[in-house]
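Q: Quick one: the structure is below, questions incoming.
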Amino acid sequence: MHRRQKEFLRKLRRPFEWAGIGFGLLVFANLPRRALLAVCDFASAVMYACDRRGRALSLRNLRIVLRGEAGAADASPATRRERLILRRSYRNMARSIGHAFWTCRNARARVEAAGEMSAAGKAWLAANNPTVTVSGHIGCWEILSQLAFLEGHRMMSVAKDIGSAGMTRLLMKARTSIGQEIVHADGAFRPLMKGLKEGKSLGLLVDQVVKPRDGGIWVRFFGRPVPVSAAPAFFAAKGKAPVVVAWSRPLKDGRYRCEVLKTYSAAEARNVWGLTQTCIRDLEGVIRRHPSCWVLNYRYFRKSPTPEELAQLEAREHGG
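Here the sequence shown is numbered in my numbering, starting from 26 and rising by one per residue.
Structure, rendered in structure tokens:
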């Protein structure tokens with residue numbers, strides 16, 4: 026019964042999703058950058074005001090980031106500081122989505138206008154091609170691969186289903202406007218491995234729940250067990266490519282600067298669990314410093330490990 030209800034709600038929501046994507050492609054893509062930011066900020070304020078369940082989830086996630094396990098059980102109303110962080114998180118998410126639509130046209134010029142690669146990032150990309158780029162849903166995650174493409178890297182990224190199959194194809198087509206390749210998450214292994222061997226770099230996000238049966242492994246994320254993708258370490262090890270963990274820092278003028286957090290060799294990636302946990306900790310550090318730049322209204326901590334999975338995680342943590 027629950028499955029039928031979810032399917033019914035999904036079908037009911039589909040026309041609104043089409044309308045939103047159509048609005049983004051027709052309107053956002055034709056706006057000047059300043060106007061785009063203004064529209065995104067207005068949309069984020071509306072979303073924040075209407076999304077009661079999302080606000081509650083965001084607050085729980087924020088308290089885990091700031092306070093650890095003690096914050097997860099705190100049901101008190103949000104403080105003024107917490108409300109400010111939540112509003113900015115909604116704004117950052119809206120601007121990132123708006124950027125994806127905005128760069129559907131004149132992609133190269135618009136990416137150059139919207140962001141810049143740090144000096145360390147430029148040096149790394151110049152010296153390492155191909156590379157496996159690892160990030161999360163923090164800052165503007167879309168612009169990372171775009172700026173790497175402008176630095177001369179042929180980029181490949183992964184996309185999951187969004188709404189119907191038609192909507193997914195439309196968004197994937199829009200995201201390839203600058204020249205990067207987008208691979209559907211289902212069956213992504215072969216094309217990504219083939220692309221890496223052909224000299225193409227990979228752009229992968231790891232702060233998402235990936236079930237163990239789908240290739241996820243259990244790590245600690247803000248002290249809590251979470252199953253995430255082991256793909257970055259696996260591809261780096263198999264393809265003998267170095268790994269760079271990076272993020273896009275929002276600037277005061279609405280632009281972004283892509284910054285390198287850490288780099289790792291292909292040899293270090295042979296310890297797949299170890300490198301996956303290390304990359305998650307790298308992202309954890311920047312999220313703690315900039316929680317308002319992270320997408321907080323996602324259910325990062327919705328799964329719990331079985332006793333066997335928890336025992337395996339603890340054994341790995343102790344060098345077993």
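Cβ atoms here follow ideal geometry from the backbone N, Cα and C, with glycine treated the same way.
What you are looking at is a predicted structure, and each value in this text was computed from that prediction instead of being measured.
State the CB to CB distance for the pair Ser202 and Cys129, rounded to an integer number of angstroms; the pair is presumed to be in contact (CB under 8 Å).
A: As a working note, residue 202 is residue 177 in the sequence shown. As a working note, residue 129 is residue 104 in the sequence shown. Contact holds; Cβ gap of about 5 Å.
Q: With a Cβ-Cβ cutoff of 7 Å, do Tyr115 and Ser160 count as a contact?
A: By one-based count along the sequence shown, residue 115 stands at place 90. By one-based count along the sequence shown, residue 160 stands at place 135. Contact: no.
Q: Could you tell me how far apart the beta carbons of Gly123 and Val64 are, in whole angstroms, since I believe they sit closer than 8 Å?
A: For the purposes of this step, residue 123 is taken as residue 98 along the sequence shown, with counting starting at 1. For the purposes of this step, residue 64 is taken as residue 39 along the sequence shown, with counting starting at 1. About 7 Å separates the Cβ atoms of Gly123 and Val64, confirming a contact at the 8 Å cut-off.
Q: When you compare each of Arg85, Gln233, Phe126 to Leu111 by their alpha carbons, which one comes out closest?
A: Your numbering for residue 111 matches position 86 in the sequence shown. Nearest C-alpha to Leu111: Arg85.
Q: Leaving out five residues on either side along the sequence, give the residues of the same chain with a beta carbon under 8 Å from the beta carbon of Glu167.
A: The sequence position of residue 167 within the sequence shown is 142, counting from 1. Closer than 8 Å at Cβ, skipping near neighbours: Ser121, His124, Ala125, Thr128, Arg200.
Q: Which residues in the same chain have their Cβ closer than 7 Å to the Cβ of Tyr281, if we skip the five residues on either side of it in sequence?
A: Along the sequence shown, read from residue 1 onward, the residue named residue 281 stands at position 256. Answer for Tyr281: Ala139, Gly140, Gly164, Cys165, Ile168, Ser273, Arg274, Pro275, listed in chain order.
Q: Taking just the CA atoms, how far does Leu62 sit from Leu37?
A: Translated into the one-based positions of the sequence shown, residue 37 becomes position 12. Translated into the one-based positions of the sequence shown, residue 62 becomes position 37. Low confidence applies here, because Leu37 scores a pLDDT of 49, under 50, leaving its location unreliable; read the following figure in that light. Taking the straight line from one Cα to the other gives about 30 Å.
Q: Count Cβ pairs between the stretch 284–291 and the stretch 173–183 that sit closer than 8 Å; are there 3 or more?
A: no
Q: Below 8 Å on the Cβ atoms is my contact criterion, and I expect Thr301 with Val244 to pass it. Report the Cβ-Cβ distance as a whole number of Å.
A: Translated into positions along the sequence shown, residue 301 becomes position 276. Translated into positions along the sequence shown, residue 244 becomes position 219. Sure, about 6 Å apart at Cβ, within 8 Å.
Q: Tell me Leu284's beta-bridge partners as DSSP assigns them.
A: Here residue 284 refers to the residue found at position 259 of the sequence shown. Strictly speaking, residue 284 in this sequence is Glu, with Leu absent from that position. Beta-bridge pairing by DSSP links Glu284 to Trp272.
Q: Which residue spans inside the stretch 156–187 form an unbroken beta strand (DSSP E) run of at least 3?
A: 157–160, 180–184
Q: Measure the Cβ-Cβ separation of Ala213 and Lys185 and say whether it is below 7 Å.
A: Start at 1 with the first residue of the sequence shown, and residue 213 comes out as number 188. Start at 1 with the first residue of the sequence shown, and residue 185 comes out as number 160. Cβ distance not < 7 Å, so Ala213 and Lys185 don't count as in contact.
Q: Any idea what DSSP makes of Arg130, helix, strand or coil?
A: Along the sequence shown, read from residue 1 onward, the residue named residue 130 stands at position 105. Here Arg130 sits in coil by DSSP.
Q: Can you tell me whether DSSP reads Ile207 as helix, strand or coil?
A: Reading the sequence shown from its first residue, position 182 is the one you call residue 207. Note: Ile207 maps to strand in three-state DSSP.
Q: Find the nearest neighbour of Val311 within the set His162, Arg106, Phe53, judged by alpha-carbon distance.
A: For this step, residue 311 is matched to residue 286 along the sequence shown. When each option's Cα is compared against that of Val311, the closest is His162.
Q: Please return the same chain residues whose Cβ sits closer than 7 Å to the Cβ of Cys318, not counting the five positions on each side in sequence.
A: Taking the first residue of the sequence shown as 1, we reach residue 318 at position 293. Residues of the same chain with a CB within less than 7 Å of the CB of Cys318, apart from the 5 flanking positions on each side, are Asn117, Ile163, Gly164, Pro275 in chain order.
Q: Output the distance between the C-alpha atoms of Asp307 and Val251, rounded to the nearest integer angstrom.
A: Taking the sequence shown and counting its residues from 1, one reaches residue 307 at position 282. Taking the sequence shown and counting its residues from 1, one reaches residue 251 at position 226. Approximately 15 Å, taken between the alpha carbons.
Q: Nearest by alpha-carbon distance to Glu334: which of Pro216, Pro316, Pro237, Tyr325 is it?
A: For the purposes of this step, residue 334 is taken as the residue at position 309 of the sequence shown. For the residues Pro216, Pro316, Pro237, Tyr325, the minimum Cα distance to Glu334 belongs to Pro237.
Q: What did DSSP end up calling Arg112 once you bin it into helix, strand or coil?
A: Here residue 112 is taken as the residue at index 87 of the sequence shown, counted from 1. Arg112: helix per DSSP, three-state reduction.
Q: Give the secondary structure of Leu217 by DSSP, where H, G and I count as helix, E and B as strand, and everything else as coil.
A: For the purposes of this step, residue 217 is taken as the residue at position 192 of the sequence shown. In the three-state reduction of the DSSP assignment, Leu217 falls in the helix class, which pools H, G and I.
Q: Give the range of the alpha helix (DSSP H) segment to which Phe326 is assigned.
A: As a working mapping, residue 326 is identified with position 301 in the sequence shown. Unbroken run through Phe326: none, as it is neither H nor E.
Q: Reducing DSSP to helix, strand and coil, say where Pro252 ends up.
A: In the sequence shown, the residue the question calls residue 252 occupies position 227. Here Pro252 sits in strand by DSSP.
Q: Assuming Leu217 and Met181 make a contact with CB atoms under 8 Å, what is their CB distance in whole Å?
A: On the sequence shown, position 192 is the one that residue 217 refers to. On the sequence shown, position 156 is the one that residue 181 refers to. Between Met181 and Leu217 the Cβ distance is about 6 Å, and since that is below 8 Å, they are a contact.
Q: Looking at the strands, I want to know which residues DSSP matches up with Tyr259.
A: Here residue 259 refers to the residue found at position 234 when the sequence shown is read from its first residue. Checking the displayed sequence, the identity of residue 259 turns out to be Phe instead of Tyr. According to DSSP, Phe259 bridges with nothing at all.
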